[in-house]
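Student:
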Amino acid sequence: MKFFNAFRKKSPWILHYNAGSCNGCDIEILAALGPRYDLERFGVINTGNPKQSDIFLVTGPVTYRSRERLVELYCQIPEPKVVIAVGSCTAAGGVFRGMYNVEDGIDRYIPVDVYVPGCASSPQLIIDAVVESLQILERKSKAIETPFKLFGAVETVAGKLSRLGMAKKVTDAED
Amino acid sequence: MKKTVQIPLGSQHISLLEPIRFKFECENETIVGVDADVGFVHRGVEQACTTKFDFKQVGFVVARVCGLCAITHSLSYTLAAEKLLDFTPNDRIRYLRMLMVELDRIHSHMLCLAHTAENAGFEALFMQIMGDRELVMDIQEAISGNRIQFDFIAIGGVTRDLTPEMVTLLHKNLDELSGKIADLIELFESNWSLSLKYRGIGALSLEEAQIYNALGPLARAAGLATDVRVETDDFPYEALGYEMMLETGGDIHARNRVRLREIMNSIAMCRNIVGNLPAGEIMEKAKGKPKGEVIVRLEAPRGELFYLVRGGGQNMLERVRIKTPTFSGIPAMMEVFKGSRYADAPAILASFDPCMSCTAK
Ligand code: SF4
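First to last, the sequence lines map onto chains U and A. Residue 120 in the numbering used here sits at position 120 of the first sequence, with consecutive numbering throughout. Residue 346 in the numbering used here sits at position 171 of the second sequence, with consecutive numbering throughout.
1. Mind checking which residues open and close the alpha helix (DSSP H) that includes G450 of chain A?
2. Find out if the Cβ-Cβ distance for the pair K118 of chain A, F481 of chain A is shorter than 7 Å.
3. Locate the beta strand (DSSP E) running through C201 of chain A, then write down its first and last residues.
4. Taking DSSP as the reference, what is the three-state secondary structure of V209 of chain A?
5. Looking only at its chain, what residues have a beta carbon closer than 7 Å to the beta carbon of P309 of chain A, apart from the 5 residues adjacent to it on each side?
6. Compile a chain-ordered list of the residues in the stretch 303 to 324 of chain A whose CB is closer than 8 Å to at least one CB of chain U.
7. Please list the partners that P35 of chain U has in chain B, where partner means a Cβ-to-Cβ separation under 7 Å.
8. How long is the line joining the alpha carbons of A414 of chain A and S441 of chain A, rounded to whole angstroms?
9. State the CB to CB distance for the pair G320 of chain A and M458 of chain A, rounded to an integer number of angstroms; the pair is presumed to be in contact (CB under 8 Å).
10. Any residues in the stretch 65 to 93 of chain U with a beta carbon nearer than 7 Å to a beta carbon of chain A? Which ones, in chain order?
11. Under the DSSP definition of a beta bridge, which residues are partnered with G94 of chain U?
12. Just tell me which of A:F197, A:N447 and A:L254 has its CA closest to the CA of L473 of chain A.
13. With 7 Å as the threshold, decide whether the Cβ of I27 of chain U is near any Cβ in chain A.
14. Whose C-beta lies closer than 6 Å to the C-beta of M285 of chain A among residues of the same chain, with five residues either side of it excluded?
15. When you compare the CB of F215 of chain A with every CB in chain U, is at least one pair closer than 7 Å?
16. Does DSSP classify I497 of chain A as helix, strand or coil?
17. Applying a beta-carbon distance threshold of less than 7 Å, which residues of chain A neighbour Y100 of chain U?
18. Could you tell me the boundaries of the alpha helix (DSSP H) in which V276 of chain A lies?
19. Using a cut-off of 8 Å between C-beta atoms, extract the partners of P61 of chain U located in chain A.
20. Using only the heavy atoms of the ligand SF4, determine whether one of them is closer than 6 Å to the beta carbon of C533 of chain A.
21. Please confirm if the stretch 435 to 454 of chain A is in contact with the stretch 272 to 286 of chain A, defined as three or more CB-CB distances below 8 Å between the two stretches.
22. Answer yes or no: does any C-beta atom of chain U fall closer than 7 Å to that of R239 of chain A?
23. Output needed for T47 of chain U: all residues of its chain with C-beta closer than 8 Å, excluding positions within five of it in sequence on either side, in chain order.
24. Compute the beta-carbon to beta-carbon distance between N366 of chain A and P521 of chain A, rounded to the nearest angstrom, for a pair I have assumed lies under 8 Å.
25. Go ahead and label K81 of chain U buried or exposed: buried means 16 or more other beta carbons lie within 10 angstroms of its beta carbon, across all protein chains shown.
26. How would you list, in chain order, the residues of chain A whose beta-carbon sits under 9 Å from the beta-carbon of F56 of chain U?
27. Have a look at A:I376, A:L435, A:G416 and A:L524 and flag the residue whose alpha-carbon is nearest the alpha-carbon of K355 of chain A.
28. Give me, in chain order, the residues of the same chain whose beta-carbon lies closer than 6 Å to that of M176 of chain A; leave out the 5 immediate sequence neighbours on both sides.
29. What's the C-alpha gap between D519 of chain A and G424 of chain A?
30. Which bits of chain A does F96 of chain U rub up against, with CB to CB less than 9 Å?
31. Please confirm whether L243 of chain A and N101 of chain U have their CB atoms less than 7 Å apart.
32. Using 6 Å as the cut-off, classify the Cβ of Q385 of chain A as near or not near the heavy atoms of the ligand SF4, replying yes or no.
33. At a CB-CB cut-off below 8 Å, which residues of chain A make contact with S21 of chain U?
34. For M420 of chain A, I'd like the list of residues in its chain whose CB is within less than 7 Å of its CB, leaving aside the five on either flank, ordered along the chain.
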């Protein structure tokens, strides 16, 4: 396992999914992959295949129709993996909070490791988040984190996780 | 045995920024039928505008309909609200708003060009255009404080003024950019391997463009002279050097050429705006509550953007209806796909510059 971890640390591949964003954060991710910021110099490649990815970059609040794809993609990424929530609407819904087709942050569905603030978050912040996630990836054991709430099976009250609870969960996973 | 094969593309796909699912019906390599599903990013913005937000806030909410034409969205709404309030902004405000819209058009067109290049397999060209695009992003960041989603336009005016340093930066970067765009035009004209992927691919004829109501660069590349900038008189475009860019090919190459020449035109207009900027306040008081109904049309980078706003003299609006360019352009897009090869589909798709966030709202 150590053998693979060495590779993972050197060249994490990312999977980018738009769960309902306004495209603002998506084009900033594209700009981060572009020549000025050049995320690819860390060995990061934007893949289209969840099975080859280590980092899951999600933008946008979860909409009714994208949630199944979100959980599906999350499940398909092999462990260990890191989830980065890009933009304020991924964290808590942002300006879309409480709209009828939107379920606020993505941490209703999947555990998030790094939150990137900003609307739109800048490429510098996205790079910071990826660098940060490399360390998390290193610390993460083989412990498997499962999605919390699959297609509305859990009640809303129980399914709603506070941001504080989330933060604790990440630190728990770390030690 | 069935003659045709169904090939799905999306909703999560590496060549697309946004979730959209296409179902292509293919006969050998040729696409004979398309089915598109765009509802993945529906968020309910229209309803939220009339139930959750005060009319003064709506301008910032509708900007989040789309990250690329955010400024056109907020400008359309703001114009509509100002018309309902019987408020006319002064010339300085109008010029500053125009400046941002044209800068936004430049960066949006460049992103589209880069994306098309990437989807056609030209990774290095993608990198080159993305690198050049940063010149515009720098100007936008200097003027508005943010690279994307600059909440620059508010009811009554704009939120930031232009300083001499910004003007210097603008001139410097636009000079550099216009040289790079000239190089790109040269490259697109003369490079043989680019022409293999672009020329004659995904063509839309003039009749089809008329029948299917194509708009924006898609229509202008097919020779259909339509541009909201000359059809309405909200802004003095013609006085500032607007020219309509028409092509006749209707293929990817023509669309690219339209975009490149529009960038050149926008650069010239930005210089004119900054050169002729009138004096005045940047924010004025707009009093009252919106009452009545008004329609505003503006030219977003992708085509006509249509807003209907109705207010009943209250803080909340009664109706906000948004019709976005991609939504109106989908029939024409579908027509283009038929008869093309499946391998060309990603490049054709990117060359329309579709915006699903807008379409689904
Ligand atoms: S955080 Fe802002 S810019 Fe990013 S996707 Fe959400 S609304 Fe768009």
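All C-beta atoms in this analysis are idealised placements derived from N, C-alpha and C, irrespective of residue type, glycine included.
Tutor: According to the structure shown:
1. As a first step, residue 450 of chain A must be located in the second sequence, where it is residue number 275. Residues I427 to G450.
2. A query on residue 118 of chain A cannot be resolved here, the shown segment of chain A reaching from 176 to 536 and no further.
3. Taking the second sequence and counting its residues from 1, the one referred to as residue 201 of chain A is at position 26. It spans R196 to E202 - the beta strand (DSSP E) in which C201 of chain A sits, taken as one unbroken run.
4. Your numbering for residue 209 of chain A matches position 34 in the second sequence. Strand, per DSSP.
5. Numbered from its first residue, the second sequence carries residue 309 of chain A at position 134. Inspection of the sequence shows that residue 309 of chain A is occupied by Glu rather than by Pro. Excluding five sequence positions before and after E309 of chain A, none of the CB atoms of its chain fall closer than 7 Å to its own CB.
6. Within the stretch 303 to 324 of chain A, contact with chain U at the beta-carbon level (separation under 8 Å) is assigned to Q303, M305, G306, R308, E309, M312, N321, R322, I323 and Q324.
7. No chain B is part of this structure, whose protein chains are labelled U and A.
8. The sequence position of residue 414 of chain A within the second sequence is 239, counting from 1. The sequence position of residue 441 of chain A within the second sequence is 266, counting from 1. Between the alpha carbons of A414 of chain A and S441 of chain A lies a gap of roughly 13 Å.
9. For this step, residue 320 of chain A is matched to residue 145 along the second sequence. For this step, residue 458 of chain A is matched to residue 283 along the second sequence. Going by Cβ atoms, the distance from G320 of chain A to M458 of chain A rounds to 16 Å, so no, they are not a contact pair.
10. Hits within the stretch, in order: R65, S66, R69 and L73.
11. Here residue 94 of chain U refers to the residue found at position 94 when the first sequence is read from its first residue. Bridge partners of G94 of chain U: none, in fact.
12. Your numbering for residue 473 of chain A matches position 298 in the second sequence. Ranking the options by Cα distance to L473 of chain A, first place goes to A:L254.
13. Residue mapping note: residue 27 of chain U aligns to position 27 of the first sequence, counting from 1. Under the 7 Å criterion on CB atoms, I27 of chain U is classed as interfacial with respect to chain A.
14. Within the second sequence, residue 285 of chain A is the residue found at index 110, counting from 1. Residues I304 and R308 of the same chain have their beta carbon placed closer than 6 Å to that of M285 of chain A, with the five preceding and five following residues left out of the count.
15. Counted from its first residue, the second sequence places residue 215 of chain A at position 40. Yes, F215 of chain A counts as interfacial toward chain U.
16. The residue given as residue 497 of chain A occupies position 322 in the second sequence. Secondary structure of I497 of chain A (DSSP, three-state): strand.
17. Indexing the first sequence from 1 puts residue 100 of chain U at position 100. For Y100 of chain U, the residues of chain A that pass the 7 Å Cβ criterion are G219 and Q222, in the order they occur in the chain.
18. On the second sequence, position 101 is the one that residue 276 of chain A refers to. Where V276 of chain A is concerned, the enclosing alpha helix (DSSP H) stretches over D266 to N294.
19. Counting from 1 along the first sequence, the entry for residue 61 of chain U is found at position 61. Within chain A, the residues near P61 of chain U are R218.
20. The residue labelled residue 533 of chain A in the question sits at position 358 within the second sequence. C533 of chain A Cβ: outside cutoff for every heavy atom of the ligand SF4.
21. Of all C-beta pairs linking the stretch 435 to 454 of chain A to the stretch 272 to 286 of chain A, three or more are shorter than 8 Å, placing the two stretches in contact.
22. Here residue 239 of chain A refers to the residue found at position 64 when the second sequence is read from its first residue. Closer than 7 Å: yes.
23. In the first sequence, residue 47 of chain U corresponds to position 47, counting from 1. Counting only Cβ-Cβ distances below 8 Å, and skipping sequence neighbours, we find W13, I14, L15 and S53.
24. In the second sequence, the residue the question calls residue 366 of chain A occupies position 191. In the second sequence, the residue the question calls residue 521 of chain A occupies position 346. Cβ atoms of N366 of chain A and P521 of chain A stay farther apart than 8 Å, at about 19 Å.
25. As a working note, residue 81 of chain U is residue 81 in the first sequence. If you draw a 10 Å sphere on the C-beta of K81 of chain U, you find 16 or more other C-beta atoms in it, and that means buried.
26. The residue given as residue 56 of chain U occupies position 56 in the first sequence. Within 9 Å Cβ-Cβ: nothing; F56 of chain U doesn't reach chain A, min ~11 Å.
27. The residue labelled residue 355 of chain A in the question sits at position 180 within the second sequence. If we check each option's Cα against that of K355 of chain A, A:L435 comes out closest.
28. Stepping through the second sequence from its first residue, residue 176 of chain A is reached at position 1. Legend: pLDDT at M176 of chain A = 49, less than 50; position of this residue unreliable, no value from coordinates given.
29. Residue 519 of chain A sits at position 344 when you count from the first residue of the second sequence. Residue 424 of chain A sits at position 249 when you count from the first residue of the second sequence. The alpha-carbon atoms of D519 of chain A and G424 of chain A are separated by roughly 17 Å.
30. Along the first sequence, one-based indexing puts residue 96 of chain U at 96. Those within 9 Å of F96 of chain U in chain A are R218, G219, V220, A223, V236 and R239.
31. Along the second sequence, read from residue 1 onward, the residue named residue 243 of chain A stands at position 68. Along the first sequence, read from residue 1 onward, the residue named residue 101 of chain U stands at position 101. Result no, Cβ atoms of L243 of chain A and N101 of chain U do not sit closer than 7 Å.
32. Your numbering for residue 385 of chain A matches position 210 in the second sequence. Not one heavy atom of the ligand SF4 sits closer than 6 Å to the Cβ of Q385 of chain A.
33. As a first step, residue 21 of chain U must be located in the first sequence, where it is residue number 21. Contacts between S21 of chain U and chain A, judged by CB atoms closer than 8 Å, involve V216, G242 and S532 in chain order.
34. The residue labelled residue 420 of chain A in the question sits at position 245 within the second sequence. Excluding positions up to five away in sequence, the list reads R395, V433, R436, E437 and N440.
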